[in-house]
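Number of protein chains: 2
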Amino acid sequence: MSAIDIQISEVGPRDGLQNTRIFMPTDAKKAWIAALAAAGLPEIEVCSFVNPKMIAQFADAVEVAAYSLTLPDVSIVALVPNLKGAERAVEVGVRRISLPISASEAHSRSNVRKSVDEQLDELARIVALRNSLPTDRRFQITAGISTAFGCTLQGEVPEADVLRIAARAVEIDADSVSVADTVGYANPAQVRRLLSAVRAEIGGRLEAAHFHNTRGLGLANCVAAIEAGVRSLDSSMAGLGGCPYAPGASGNVITEDLVFMLESMGLRTGVDIAKLLDARKILEAALPGADFYGHLAKAGVPKGFARAEAA
Amino acid sequence: MSAIDIQISEVGPRDGLQNTRIFMPTDAKKAWIAALAAAGLPEIEVCSFVNPKMIAQFADAVEVAAYSLTLPDVSIVALVPNLKGAERAVEVGVRRISLPISASEAHSRSNVRKSVDEQLDELARIVALRNSLPTDRRFQITAGISTAFGCTLQGEVPEADVLRIAARAVEIDADSVSVADTVGYANPAQVRRLLSAVRAEIGGRLEAAHFHNTRGLGLANCVAAIEAGVRSLDSSMAGLGGCPYAPGASGNVITEDLVFMLESMGLRTGVDIAKLLDARKILEAALPGADFYGHLAKAGVPKGFARAEAA
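As you go down the protein sequences, you meet chains W and S in turn. Every letter in the first sequence is one number past the one before it in the working numbering, and letter 15, counting from 1, is 11. Every letter in the second sequence is one number past the one before it in the working numbering, and letter 135, counting from 1, is 131.
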């Protein structure tokens, strides 16, 4: 496998399906995830270990995660809302979990029914769980700072709040920090400013950024994040997700378009665009009636397009 | 009127309608252009003085241009394919024309039935027309270098070809140069590289950039152009246009999304978003069945959004 310049972390099976009304059959999820891995995506967030009573889509989280872990050459991530979710994930053998920590108090209470500081305490409990395991069973913990660029409930989110959470997460000893524009409020100038500030605060522990395309700025924000030194970007096949508060507005950054943009820019992603479009067909067949976005799937690559090559 | 940081040149009535099958009634065009001007757009490209036998949409170019010139506080531009078009535009009183010059030989022959050098000769004839007029009737000439980032017919377009045309256009004494990604091939790294090179070649005569959103990279390319020093960007309301070679793929950069992005970044455009969305309603009513794009029109502005303010 060739080296990559930017890691794309596919979050469609988690963030995308979380916001899709239709239950995707477990076998279709497996086939889709296998196709995503076969296309060369180096990391896939495959499910959420949330209480299935809250989100029925993830009733099959254990089966999906267990299957995904059998796939070669791909890092499997699970989202967990709390310690209990982390315990379930670890039991299945997941080696990388993501814990959302809202920068907005209002969003934190709405999303995980805890204050921001209570959720930081939950992070500490998950770190303790990690540290209690024998070295060969330890998992990586990403603290995902959500609503970092603004919140539909609270409105503006002070940058100082994001910096404080990032610093605390590192102090608690999360392995890495991701900064997320959960509701599609970010703009490129803000992305460069905030991510540079976070980087100044926690250095290389700032690993990833997560943007939504609610207002069409997703790819521009990805470029800004790269300029700020981020080397891992979340995206979702077909932009799957959509924000329930903005019907018709696409959700996550669209994986296909992101891969095309980065490869065009000479940044290697390790992803094969033709195989990626094959994976999209599996998704479309499995979720009839869902909203699928993406320009590349319609327009194709330009004449003479070549993937980024090793220098 | 407050100062602006980035000028948005609305090209929907020209580039958008040129690629729309439905004829927009003349009165609707006037009402739409008036609404665009009322929203604060500082420049509008209102028509093409092309042979109406070639593009029926512009059979009413004289009437539309004459009406547009009565609107206050807005610069009116017309596209002309050749000297004859320039003569017609000048007769109506248009003070700013745009002449396309393809960087791709294949596209040049297909678009204006001339070689690149023959079209540069046409520019020289239009410059002579301008210089023959009394000072108070002279018009501004923009040389619009099309297919500058690649071509659906030719494939790759060497940067040296773009630089040569830019230098020649300035030598011939065009007032300004615009660089266009006619078919949606550009990526942000290429935009920064090429526009910086053009700027090094012709300095401040590089005025504008024109991007299509065929592969979803329109806004990211706009940010890259600004980083390269460009201060005027073309866009089209609702992304109107669409490329006939890529059905379903949106055409020009979407004006509403561009205004939102720039204002969010603290860059003043002079455009009122609410009035812009009013203008969109006029467009939608006048072209039933056409493809309308845009995230902002669906998602609205974020909670607490404020326009960029004078520093």
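Just so you know, even glycine gets a beta-carbon here, dropped at the ideal spot from N, CA and C.
With 16 other Cβ atoms within 10 Å as the buried cut-off, status of residue i
i        : result
E114(W)  : exposed
I18(S)   : exposed
G140(S)  : buried
M(-3)(W) : Per-residue confidence for M(-3)(W) stands at a pLDDT of 43, beneath the threshold of 50, marking its modelled position as unreliable; the derived number appears in the next sentence. When all chains shown are included, M(-3)(W) counts as exposed.
M308(W)  : Outside the shown range of chain W (-3 to 307) lies residue 308(W), about which nothing can therefore be said.
D230(W)  : buried
A313(S)  : As shown, chain S starts at -3 and ends at 307. That puts residue 313(S) outside it, with no answer to give.
S142(S)  : buried
S184(W)  : Correcting the residue type first, residue 184(W) is Pro in the shown sequence and not Ser. The residue in question, P184(W), is buried, as its Cβ has 16 or more Cβ neighbours within 10 Å.
S111(W)  : exposed
L129(S)  : exposed
P21(S)   : exposed
G8(W)    : buried
G12(S)   : buried
R126(S)  : buried
G199(S)  : exposed
A(-1)(S) : exposed
A74(S)   : buried
E87(S)   : exposed
D177(W)  : buried
R109(S)  : exposed
T131(S)  : exposed
G214(W)  : buried
V173(W)  : buried
G300(W)  : exposed
E305(S)  : exposed
R133(W)  : exposed
Residues near residue i by beta carbon distance below 6 Å, same chain, minus five either side
i       : result
I250(W) : G235, Y289, G290
A24(S)  : A282
V60(W)  : K25, V42, C43
A35(S)  : V267, D268, K271, L272, A275
D169(S) : V123
G225(W) : R195
A57(W)  : C43, F45
V166(S) : I198, R201
A220(W) : P184, V187, R188
R303(S) : E259
Q136(S) : R92, D171
L65(W)  : I72, G89
A62(S)  : V88
R211(S) : G180
Neighbour list for residue i in chain W, Cβ cutoff strictly below 8 Å
i       : result
N183(S) : M257, S260, M261
A286(S) : The premise fails here: A286(S) is roughly 16 Å from chain W at the closest Cβ pair, so nothing lies under 8 Å.
A74(S)  : Neighbours of A74(S) on chain W: none; closest Cβ ~29 Å, over 8 Å.
Close-in-space but distant-in-sequence residues of the same chain around residue i (CB under 7 Å, 5 per side omitted)
i       : result
P37(W)  : Strictly speaking, residue 37(W) in this sequence is Leu, with Pro absent from that position. Here the set comprises I4, E6, V70, V267.
C147(S) : S100, A102, H103, V153, V179
A27(S)  : I278
V46(W)  : F54, P77, G81
A307(W) : Since pLDDT at A307(W) reaches only 48, below the 50 mark, its modelled position is unreliable, and no value is offered.
A30(S)  : L67
I222(W) : I2
L292(W) : E252, D253, F256
E280(S) : F288
L258(W) : I2, T265
S192(S) : A224
Listed by chain order, chain S residues near residue i by CB distance under 7 Å
i       : result
P298(W) : G146, Y181
L236(W) : Residues of chain S passing the Cβ test: none, with the nearest at roughly 15 Å.
Sequence-distant residues of the same chain with beta carbon closer than 8 Å to residue i, five excluded per side
i       : result
Q14(W)  : S44, I51, Q53, F54, G237
R189(S) : E155
G285(W) : I18
I97(W)  : S104, V112, Q115, L116, L119, A139, G140, I141, S142, I161, A165
Interface residues of chain S facing residue i [CB-CB closer than 8 Å]
i       : result
H103(W) : Within chain S, no residue comes near H103(W); the closest Cβ sits about 12 Å away, beyond 8 Å.
S246(W) : H291
A52(W)  : In chain order: nothing, as chain S lies at least about 26 Å away.
Residue i: contacting residues in chain W (beta-carbon distance under 7 Å)
i       : result
G151(S) : K299, G300
Partners in chain W for residue i, counting only beta-carbon separations shorter than 9 Å
i      : result
A34(S) : Per Cβ cutoff of 9 Å: no residues; A34(S) is ~23 Å from chain W at best.
Contacting positions in the stretch 202 to 228 of chain S - beta carbon closer than 8 Å to chain W: N209, T210, R211, G212, L213, L215, A216, C218, V219, A220
Using a beta-carbon distance cut-off of less than 7 Å, what residues from the stretch 251 to 271 of chain W approach chain S? D253, F256, M257, S260, M261, G262
At a CB distance below 8 Å, what residues from the stretch 130 to 147 of chain W approach chain S? Give them in sequence order. G146, C147
Identify every run of the alpha helix (DSSP H) within the stretch 166 to 203 of chain S, keeping only runs that are complete inside it and at least 4 residues long; order them along the chain. 184 to 198
For the stretch 212 to 267 of chain S, list the beta strand (DSSP E) runs that are entirely contained and at least 3 residues long, ordered along the chain. 228 to 231
My parser needs the alpha helix (DSSP H) runs of 4 or more residues fully inside the stretch 63 to 130 of chain S; what are they? 79 to 88, 101 to 108, 112 to 128
Just list the alpha helix (DSSP H) runs in the stretch 0 to 49 of chain S, keeping only unbroken ones of 4 residues or longer that don't cross its boundaries, in chain order. 22 to 34
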